[in-house]
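Colleague: Each position in the sequence shown, counted from 1, maps to that position plus 1 in the numbering used here.
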Amino acid sequence: MRIDIVTIFPEYFAALDISLLGKARRTGLLDVHVHDLRGWTHDRHRTVDDTPYGGGPGMVMKPEPWGEALDAIVPPTPPPPTPPVSEPTPLPSASASRPVSGAGQAAASGTVPRLIIPTPSGRPFTQALAAQYESEPWLLFACGRYEGIDSRVVDEARTRMPVDEVSLGDFVLAGGEVAVLVMIEAIGRLLPGVLGNADSVADDSFAPGAMESLLEGPVYTKPPVWRERPVPDILLSGHHGAIARWRRDEAIRRTARHRPDLLARLAPKDLDERDRAVLREAGFPVDGEDMAD
Ligand code: JFH
2 MRIDIVTIFP EYFAALDISL LGKARRTGLL DVHVHDLRGW THDRHRTVDD
52 TPYGGGPGMV MKPEPWGEAL DAIVPPTPPP PTPPVSEPTP LPSASASRPV
102 SGAGQAAASG TVPRLIIPTP SGRPFTQALA AQYESEPWLL FACGRYEGID
152 SRVVDEARTR MPVDEVSLGD FVLAGGEVAV LVMIEAIGRL LPGVLGNADS
202 VADDSFAPGA MESLLEGPVY TKPPVWRERP VPDILLSGHH GAIARWRRDE
252 AIRRTARHRP DLLARLAPKD LDERDRAVLR EAGFPVDGED MAD
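1. Where DSSP assigns a beta bridge to E186, which residues make up the other side?
2. Using the Cα positions of V279 and D288, report the straight-line distance between them to the nearest angstrom.
3. Buried or exposed for E274, going by 16 or more other Cβ atoms inside 10 Å?
4. Just tell me which of L215, G170, G194 has its CA closest to the CA of S122.
5. Roughly how many whole angstroms lie between the Cα atoms of V183 and R260?
6. Roughly how many angstroms separate the alpha carbons of D44 and M162, rounded to a whole number?
7. Decide yes or no for the touch test of the stretch 188-198 against the stretch 20-37: beta carbon pairs closer than 8 Å, at least 3 of them.
8. Is any non-hydrogen atom of the ligand JFH found closer than 7 Å to the C-beta of R146, if you look at the structure I gave you?
9. Go through its chain and collect everything with a Cβ distance to V101's Cβ below 6 Å, but skip five positions before and after it.
10. Just to check, is the beta-carbon of F172 closer than 7 Å to a non-hydrogen atom of the ligand JFH?
11. Just verifying my parser: in three-state terms, what is the DSSP assignment at E251?
12. Mind checking which residues open and close the alpha helix (DSSP H) that includes I74?
13. Any heavy atom of the ligand JFH inside 7 Å of the beta-carbon of G57?
14. In whole angstroms, what separates the C-alpha of G284 from that of K223?
15. Taking a contact to mean a Cβ-Cβ separation below 8 Å, would you say D151 touches K63 in this structure?
16. Taking M60 as the reference, which of M2, G149, R255 has the closest Cα?
17. If L264 and A257 are in contact, beta carbons under 8 Å, what's the gap, nearest whole angstrom?
18. Measuring alpha carbon to alpha carbon, tell me which of P286, R255, R254, V35 ends up nearest P269.
19. Alpha carbons only, please: which of R3, F10, R26 is nearest the one belonging to G176?
20. By the 10 Å Cβ neighbour count, where 16 or more other Cβ atoms means buried, how is D215 classified, buried or exposed?
21. Please list the terminal residues of the continuous alpha helix (DSSP H) segment that includes A16.
22. Tell me the rounded alpha-carbon separation between F172 and P125.
23. Taking only three categories from DSSP, how would you classify P261?
24. With hydrogens ignored, establish whether the beta-carbon of T120 is closer than 7 Å to any heavy atom of the ligand JFH.
25. Is L191 near the ligand JFH, in the sense that its beta carbon is under 7 Å from a heavy atom of that ligand?
26. Is L169 near the ligand JFH, going by C-beta to nearest heavy atom under 7 Å?
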């Protein structure tokens, strides 16, 4: 997978030299190119921001450097060749017709990236979206700063490539760089050969279908007693069925506490009688039943 990143802070992306993703780059699984937006400015101060039209706080990123950056990284598709003057122009036919230009055609031929722009007003970034991005050959991330990027940049880019405005959640970062690092880590660990152990990915909570979207319960390793705290006996018992049941109980309790929204969308058929008992004990209403005592 090829990844391009445009930013005024290329140093943030030194993190991509490390660990899992660093290794994926060294082995050629990931081909990352970081670009300094200021390379597409032309004034002495390498200006990338200006005051917002309509007034208001802060500054907005100017469109011109962004336009030049996107043109350089994603060369505009060349116009179709002009037919020789003497040749008859064929009438439009089903076999000859195809999209004229723009995101659809170019995207289908794999010659343009998907442009991903972090913003607090984007669609939520989820595990499902990470999995979709993992299957794309080329991603281009645009990191805004200040109050964001002049909206015409996004509008024009959409005429040339698929564009997603994406949010990591309902909090406000100072710019897109950290959001892009988060997304690249979530996407990169899904690439075949990056994690090493294929099961680690399939088992994740949030992986579509995995563990029916319960949060993971507590995990333990050696030593068996640490600072007078023993590992729960059941995990040392060797009773695999009982261990699986205990883990599910813990997952249900933790999900009821931290993410009742996830439990609320569990279908009743996904809950057995024991699940209902654990939920009731956690003070969580179970579909048909009322919450007496
Ligand atoms: C980013 C910033 C916008 C305007 C009310 C809420 C926001 C500050 C580029 C993504 C997530 C981001 C994010 C992504 C890119 C940029 C800072 C933007 C506003 C009005 C203030 C600049 C922030 N999920 N959180 N933050 N900023 N306000």
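Even glycine gets a Cβ: it sits at the ideal position worked out from N, Cα and C.
Modeller: The answer reads as follows:
1. DSSP, once it has assigned bridges, lists no residue as partnering E186.
2. Computed Cα separation, rounded: 14 Å.
3. Result: exposed.
4. Of the listed residues, the one whose Cα sits closest to S122 is G170.
5. Going by the C-alpha atoms only, they are around 21 Å apart.
6. Between the alpha carbons of D44 and M162 lies a gap of roughly 29 Å.
7. Output reads yes: the stretch 20-37 touches the stretch 188-198.
8. Taken from the Cβ of R146, at least one heavy atom of the ligand JFH lies inside 7 Å.
9. Low local confidence applies: a pLDDT of 47 at V101 is under 50, so the model's placement there is unreliable, with the coordinate-based value given in what follows. Nothing listed; no residue qualifies.
10. The answer is yes for F172.
11. Note: E251 maps to helix in three-state DSSP.
12. Its alpha helix (DSSP H) spans residues 64-74.
13. Flag unset: Cβ of G57 not near the ligand JFH.
14. When rounded, the separation of the alpha-carbon atoms in G284 and K223 is 33 Å.
15. Yes, these two residues count as a Cβ contact at 8 Å.
16. For the residues M2, G149, R255, the minimum Cα distance to M60 belongs to G149.
17. About 6 Å; that satisfies the 8 Å criterion.
18. Ranking the options by Cα distance to P269, first place goes to P286.
19. Comparing Cα positions, the closest option is F10.
20. The amino acid occupying residue 215 in the given sequence is Leu; Asp does not appear at that position. Counting Cβ neighbours within 10 Å, L215 comes out buried, since at least 16 surround it.
21. Note, A16: premise wrong, no alpha helix (DSSP H); not H, not E.
22. Roughly 12 Å between the two C-alpha positions.
23. For P261, the secondary structure class from DSSP, reduced to helix, strand or coil, is helix.
24. For the ligand JFH, at least one heavy atom lies less than 7 Å from the Cβ of T120.
25. No; taking the cut-off as 7 Å, the Cβ of L191 has no heavy atom of the ligand JFH nearer than that.
26. At a cut-off of 7 Å, the beta-carbon of L169 counts as near the ligand JFH: some heavy atom of the ligand is closer than that.
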